[in-house]
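Report on one structure; see the data block that follows.
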Amino acid sequence: MTDEHRGTRGPEGPPWSVDLLADLHAGVLDPAQSARLWARVNVDPEAKAVIDALNSVQAGLGELAVAPAPPMPAHLAARLDAALDGEARRAFGGVAVQDPPRPGVAPVLDMAEARRKRGRRTAWGVGLLTAAAAAVAIGYGVLPKTQETGGIAEPVPSAQLPDEAPLAVSRGNVGEVAGKLTTGKTKDYGPLKDEAGLKKCLSSNGFDAKVAPLGVRPVTYDGKAAVMAVLLVPGDNGRLQVLVVQPDCTQLFNDKIGR
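This is how it looks when you write it as structure tokens:
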């Protein structure tokens, strides 16, 4: 701030420095200097006039702080609304909040109303983002998940399609068909209907019914309708137990495959 002097004498007046009087008025000078200056200012009309002007400015600022906000001009309110709508369209793919139809002459809005409108639009935007995030989370939840299998994604269990023909199996291709069942983790119980039907056949053929099969699928074994189940061999991860039974649990094939 450029210092300004009034009068023609001394640094503490006269002539009076406006900066010095402002500091005196603000109470930032040390007590001894402040007391000395006030004694001189109070008897100097020119210095007193500056102090009175500063008092007037201070009072005006105080009134402005508590005064209600002046109304926003209509043309500024319209520009603000247009800018908010444009931003909403850019951010949310063309979807924007529609305000009620306005009369021919735009109403004058005060600052408080403008803040409320901005708050409503912000809340709307956050709600839309939250909904989008929820949709992404739901979509992710139903996607097939990859388990830790040495860096190779393990296929998700699938069910045989109703119109898919049973695989033809014979003693010569048991290993090939069993490999397909373990790779796809297929569990289609076919004529056995459900897991309970499979457990019944496992028990009747000497297996622990609590053993969870790697794969189950309807097949034809040497032309006979049957169900193939592939099981782990306890204590031997390199071999698989294959059981092929008819719908009444009659055994058609029961042997281990693998190395």
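Mapping of the sequence shown onto the working numbering: residues 172 to 430, in sequence order. Here a beta-carbon is modelled for each residue, glycine too, at the ideal position from N, C-alpha and C.
Alpha carbon to alpha carbon, what distance is there between residue j and residue i?
i	j	result
Thr320	Gln417	Below a pLDDT of 50, predicted positions are generally treated as unreliable, and Thr320, at 46, falls in that range; no measurement from the model is reported.
Gly361	Ala262	52 Å
Ala210	Leu232	27 Å
Leu208	Asp223	15 Å
Ala367	Val340	24 Å
Leu200	Leu235	27 Å
Phe424	Arg410	16 Å
Ala396	Leu338	10 Å
Gly394	Val415	13 Å
Thr125	Val398	It is not possible to answer for residue 125, since the shown part of the chain is limited to 172 through 430.
Arg250	Arg260	15 Å
Asn376	Gln412	12 Å
Between which two residues does the beta strand (DSSP E) containing residue i stretch?
i	result
Ala400	Lys395 to Val404
In the DSSP output, which residue or residues are listed as bridge partners for residue i?
i	result
Asp426	Val413
Leu338	Val390
Asp407	Val404
Lys358	Val387
In the DSSP assignment, find the alpha helix (DSSP H) that holds residue i and state where it starts and stops.
i	result
Val202	Checking the sequence shown, residue 202 turns out to be Pro, not Val. Unbroken alpha helix (DSSP H) run through Pro202: Pro202 to Val212.
Asn226	Pro216 to Val237
Glu366	Glu366 to Ser375
Val189	Val189 to Ala197
Identify which residue in the options has its Cα closest to the Cα of residue i.
i	options	result
Cys372	Thr421, Val221, Val413 and Gly409	Thr421
Ala336	Lys358, Pro405, Pro389 and Glu217	Pro389
Phe171	Pro241, Leu251 and Val401	In the structure displayed, the chain extends from 172 to 430; residue 171 sits before or after that span and is not available.
Val212	Val237, Pro186 and Val228	Pro186
Asp190	Ala206, Leu225 and Asp215	Leu225
Ala238	Ala230, Ala245 and Pro244	Ala230
Val134	Lys364, Asp365 and Leu403	No answer is possible for residue 134: the residues shown for the chain start at 172 and end at 430.
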